[in-house]
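Residue numbers for the sequence shown follow our numbering, beginning at 33 and rising by one. Even for Gly, the Cβ is constructed at its ideal location relative to N, Cα and C.
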Amino acid sequence: MESTKPSSIDFVTVKTTLPVYPLPPNHERSTFRSERLSMRHMTEGDFGFLRVLRTCPDGMKWSSQGGPDIEMEQTEKSLSLRLPPKDGERYDWVISLIETGEPVGLGGTCVWSSELGWPALGYIFLKEHWGKGYASEFMKVYLDEWWSLPRNEVELTVDKNTILKDDGDVKQECISAITLSENAPSQNVLKKAGFEFVSSWAEVDTKDESQELTLHGFVARKGKVVV
Numbered sequence: 033m034e035s036t037k038p039s040s041i042d043f044v045t046v047k048t049t050l051p052v053y054p055l056p057p058n059h060e061r062s063t064f065r066s067e068r069l070s071m072r073h074m075t076e077g078d079f080g081f082l083r084v085l086r087t088c089p090d091g092m093k094w095s096s097q098g099g100p101d102i103e104m105e106q107t108e109k110s111l112s113l114r115l116p117p118k119d120g121e122r123y124d125w126v127i128s129l130i131e132t133g134e135p136v137g138l139g140g141t142c143v144w145s146s147e148l149g150w151p152a153l154g155y156i157f158l159k160e161h162w163g164k165g166y167a168s169e170f171m172k173v174y175l176d177e178w179w180s181l182p183r184n185e186v187e188l189t190v191d192k193n194t195i196l197k198d199d200g201d202v203k204q205e206c207i208s209a210i211t212l213s214e215n216a217p218s219q220n221v222l223k224k225a226g227f228e229f230v231s232s233w234a235e236v237d238t239k240d241e242s243q244e245l246t247l248h249g250f251v252a253r254k255g256k257v258v259v
């Protein structure tokens, strides 16, 4: 799961830690909860929900794809990436309401090596459930889940802005998140969850190659207090 790193970012190779990879497969993952939400791994039966989620233009415009799925094959590919044998490449979860069991979103670590070099998380919710605080609630418990995974020491090439000054030989591990510059609501969710802004860069808009998009990169570290 390699990514193309932006030329405008200065990179440095460091010793750090990451979760053991491949990540735990679906059959080894246990459901976890927040006050209102329950998180579980995806199954083949989630195709209908995923199709609704990924065909919403208002939600998908913020995704790395930049727009909704059109063809069924696009949604089928997205589902297959979250099922065996690909499940160990990501650590994302179907987010459901505890009260009703209704699936309302998808979130977790969907990219192992982001533009900043670190694993990246993301989330998307059905539009009718926006504005209810579910994203912040999910982020708080998800980060606890992520940091609890078994780890090993690795050598990694990352954005130098993500490395703390006077850090030790083994640098503090980060998890990243990438947003479009104008996506203020998600940036607020990230900041509330303990993420800090580190870098911005421009990329060609894949929907219109005559245009550029400005992306903002954020990182969080283990032990950062979430309020």
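{"query": "Just checking my contact of Asn189 with Thr49 at CB under 8 Å: how many whole Å lie between their CB atoms?", "result": "The amino acid occupying residue 189 in the given sequence is Thr; Asn does not appear at that position. With 8 Å as the limit, Thr189 and Thr49 do not qualify as a contact, their Cβ atoms being about 15 Å apart."}
{"query": "Buried or exposed for Pro117, going by 16 or more other Cβ atoms inside 10 Å?", "result": "exposed"}
{"query": "Would you list, in sequence order, the uninterrupted beta strand (DSSP E) runs of no fewer than 3 residues that lie entirely inside the region 59-120?", "result": "69-72"}
{"query": "I'd like to confirm the pairing. Which residues does DSSP put opposite Asp240 in its beta bridges?", "result": "Asp237"}
{"query": "Terminal residues of the continuous alpha helix (DSSP H) containing Ser168?", "result": "166-179"}
{"query": "Give me the DSSP bridge partner(s) of Gly163.", "result": "Bridge partners of Gly163: none, in fact."}
{"query": "Is the region 59-68 close to the region 203-218, with three or more CB pairs under 8 Å?", "result": "no"}
{"query": "Under DSSP, the beta strand (DSSP E) around Ser145 begins and ends at which residues?", "result": "It is not in any beta strand (DSSP E) - Ser145 carries neither H nor E in the DSSP assignment."}
{"query": "Does the separation of the CB atoms of Val230 and Val251 fall below 8 Å?", "result": "yes"}
{"query": "Quick check on Pro51: does DSSP put it in helix, strand or coil?", "result": "strand"}
{"query": "In three-state terms, what does DSSP make of Asn184?", "result": "strand"}
{"query": "For Leu158, does the three-state DSSP call read helix, strand or coil?", "result": "coil"}
{"query": "DSSP on Ser40, reduced to helix/strand/coil?", "result": "coil"}
{"query": "Taking the alpha carbon of Asp191 as the reference point, which residue from Gly139, Pro182, Lys203 has its own alpha carbon closest?", "result": "Lys203"}
{"query": "Could you please give me the residues that DSSP links to Phe229 through a beta bridge?", "result": "Phe250"}
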